[in-house]
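Residue numbers (the working numbering): 1 to 362.
Using N, Cα and C, we set each Cβ at its ideal position, and we do this for glycine too.
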Amino acid sequence: MSFLVLGNLIVVIPSFSLSSTSAFTQFAYGINATATANTNYTGLEQNTKTFLLDMEAKNNPPINTLPPNEARAALSGLQSSYPVVMPEAQVQNQTIPVGPNNETITIQIVRPAGISENQLLPVVMYFHGGGWVLGGFDTHERLIKELANAANVSVVYVNYTLSPEAKFPVALEEVYAATKWVAENGQSINVNSSRLAVAGDSVGGNMATGIAMLAKERDDGPNISFQALFYPVTDVNFNTPSYLEYQSGYHLSRDAMIWFWTNYLDNRTTNIKDPLVSPLQASIEQLQGLPPTLVITDENDILRDEGEAYAHKLMEAGVPVASVRYLGTIHDFMMLNALANTPAAAEAISQAASIINKVLYS
1 MSFLVLGNLI VVIPSFSLSS TSAFTQFAYG INATATANTN YTGLEQNTKT FLLDMEAKNN
61 PPINTLPPNE ARAALSGLQS SYPVVMPEAQ VQNQTIPVGP NNETITIQIV RPAGISENQL
121 LPVVMYFHGG GWVLGGFDTH ERLIKELANA ANVSVVYVNY TLSPEAKFPV ALEEVYAATK
181 WVAENGQSIN VNSSRLAVAG DSVGGNMATG IAMLAKERDD GPNISFQALF YPVTDVNFNT
241 PSYLEYQSGY HLSRDAMIWF WTNYLDNRTT NIKDPLVSPL QASIEQLQGL PPTLVITDEN
301 DILRDEGEAY AHKLMEAGVP VASVRYLGTI HDFMMLNALA NTPAAAEAIS QAASIINKVL
361 YS
């Protein structure tokens with residue numbers, strides 16, 4: 001692996017590839033946990049370490065032991081328990097008449113504060129993380145508003161149907177339909193949809209790159225200029241080195257990720273090697289022609305290795321990629337209100353916004 005140290009971040013070019021996955025049920029019920037988790041928190045940024053110790057002291061039940069509605073309330077409660085100064089921004093709620101089953105989808109259109117209604121800004125379609133089970137506009141509001149203001153773009157937040165109420169590919173088809181609608185009807189919501197990017201954190205990054213693949217494959221697909229993937233889920237593989245090292249105690253656990261996948265996938269019919277499920281399983285040919293990409297990973301995260309492996313595979317396919325690992329960080333560091341004022345979170349959001357602005361305004 002080669003890397004360049006820049007302050008508190010590392011630009012990483014991974015040199016490994018992840019092994020192919022076995023059947024999903026084997027992962028879910030017969031996991032090969034051969035390594036001991038690192039729970040001494042060495043090398044963590046100090047505020048991040050304090051946050052994890054606070055969570056440990058509260059001894060709340062693991063998210064994967066709760067019913068989905070209680071798990072959703074737990075994430076919302078966690079975010080609201082750490083007050084932050086919410087950035088000023090304009091928010092417009094709208095329902096659009098699209099969806100894979102002829103239903104409607106609600107979106108929030110977030111515009112920077114002080115921008116005239118008639119000014120058509122470039123647009124970023126944003127898909128939230130939370131394991132397809134958790135999350136909503138309330139949990140991601142600060143991050144979305146910061147991106148809109150810093151990049152000087154409109155961010156369209158898509159409220160896709162959560163799991164287990166909806167199984168793959170319902171949520172993916174919903175966000176694709178919303179992206180296509182915005183691309184075709186941008187002026188009606190005061191965005192310049194000829195300059196459109198997709199972005200998402202965690203499973204939202206999984207869906208963002210899935211949308212880019214679908215847009216390439218389908219004849220009427222929207223034109224996507226850029227994809228920003230924040231600590232993305234890219235493979236159904238629970239045995240990577242980062243999964244084993246950070247399997248518990250670092251906010252997102254291995255057990256929780258298995259639970260998320262179990263809720264999202266229909267184990268009877270889903271092929272876990274489908275690139276729309278596991279983008280890392282895509283062939284080089286399937287990845288060729290995808291838009292320029294930013295991948296941000298966090299050092300102490302079970303998803304780190306698969307995110308960096310996906311960045312490497314995109315590079316192999318000839319896609320322009322910037323892949324950055326932030327030291328001392330954990331999963332969700334850009335989204336968690338508890339970590340909003342850490343140098344890494346501020347820099348990661350600033351970096352993402354700067355690149356998005358450069359691409360969409362060039």
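Start-to-end residues for the alpha helix (DSSP H) that takes in residue i
i, result
"residue 108", "Element bounds for residue 108: not the alpha helix (DSSP H) but the beta strand (DSSP E), 105-112."
"residue 203", "203-217"
"residue 182", "170-185"
"residue 79", "68-80"
"residue 48", "46-58"
"residue 263", "254-264"
"residue 357", "343-361"
"residue 237", "No alpha helix (DSSP H) holds residue 237; DSSP gives it neither H nor E."
"residue 142", "137-151"
"residue 242", "241-245"
"residue 285", "284-287"
Alpha-carbon to alpha-carbon, residue j and residue i
i, j, result
"residue 274", "residue 179", "21 Å"
"residue 83", "residue 59", "21 Å"
"residue 150", "residue 350", "7 Å"
"residue 363", "residue 284", "Within the shown structure, residues of the chain are numbered from 1 to 362, placing residue 363 beyond reach of any answer."
"residue 28", "residue 312", "Note that residue 28 scores 45 on pLDDT, short of 50, meaning its location in the model is unreliable; the coordinates nonetheless yield the value given after this. Spanning the two alpha carbons is a distance of roughly 27 Å."
"residue 242", "residue 333", "16 Å"
"residue 191", "residue 54", "42 Å"
"residue 279", "residue 325", "19 Å"
"residue 143", "residue 345", "10 Å"
"residue 323", "residue 188", "35 Å"
"residue 341", "residue 310", "29 Å"
"residue 102", "residue 336", "34 Å"
"residue 305", "residue 235", "10 Å"
"residue 232", "residue 259", "17 Å"
"residue 43", "residue 157", "34 Å"
"residue 107", "residue 57", "37 Å"
"residue 182", "residue 96", "9 Å"
"residue 399", "residue 297", "Because the chain in this structure spans residues 1 to 362, residue 399 falls outside the shown range and cannot be described."
"residue 354", "residue 268", "43 Å"
"residue 85", "residue 338", "12 Å"
"residue 93", "residue 130", "21 Å"
"residue 46", "residue 222", "43 Å"
"residue 261", "residue 74", "19 Å"
"residue 347", "residue 113", "21 Å"
"residue 145", "residue 286", "33 Å"
Beta bridge counterpart(s) of residue i as assigned by DSSP
i, result
"residue 125", "156, 198"
"residue 323", "295"
"residue 91", "110"
"residue 229", "200, 295"
"residue 330", "300"
Proximity to residue i [Cα-Cα], best of the options
i, options, result
"residue 329", "320, 318, 343, 317", "343"
"residue 89", "73, 123, 109", "109"
"residue 41", "359, 301, 352, 316", "301"
"residue 206", "258, 128, 242, 252", "128"
"residue 359", "79, 195, 139, 146", "195"
"residue 116", "69, 91, 125", "91"
"residue 66", "140, 256, 136, 266", "256"
"residue 252", "134, 348, 107", "134"
"residue 319", "124, 245, 213", "213"
"residue 245", "262, 45, 261, 299", "299"
"residue 138", "120, 76, 95, 277", "76"
"residue 119", "152, 132, 339, 93", "152"
"residue 51", "331, 68, 286", "331"
"residue 240", "210, 303, 282, 261", "303"
"residue 237", "281, 141, 210, 69", "281"
"residue 80", "140, 61, 122, 165", "140"
"residue 169", "70, 220, 264", "264"
Cβ-based neighbour list, residue i, same chain, cut-off 6 Å, excluding 5 preceding and 5 following
i, result
"residue 99", "105, 174, 177"
"residue 72", "134"
"residue 167", "266"
"residue 160", "171, 174, 175"
"residue 186", "193"
Chain D within 7 Å of residue i, Cβ atoms only
i, result
"residue 309", "Of the chains in the structure shown, none is chain D; there is only one protein chain."
Sequence-distant residues of its chain with Cβ nearer than 7 Å to residue i (five each side left out)
i, result
"residue 289", "216"
"residue 208", "127, 198, 199, 200, 227, 229"
"residue 315", "321"
"residue 225", "195, 196, 197, 291, 359, 360"
Residues near residue i by beta carbon distance below 8 Å, same chain, minus five either side
i, result
"residue 271", "277"
"residue 362", "none"
"residue 147", "124, 126, 153, 155, 199, 349, 352, 353, 356"
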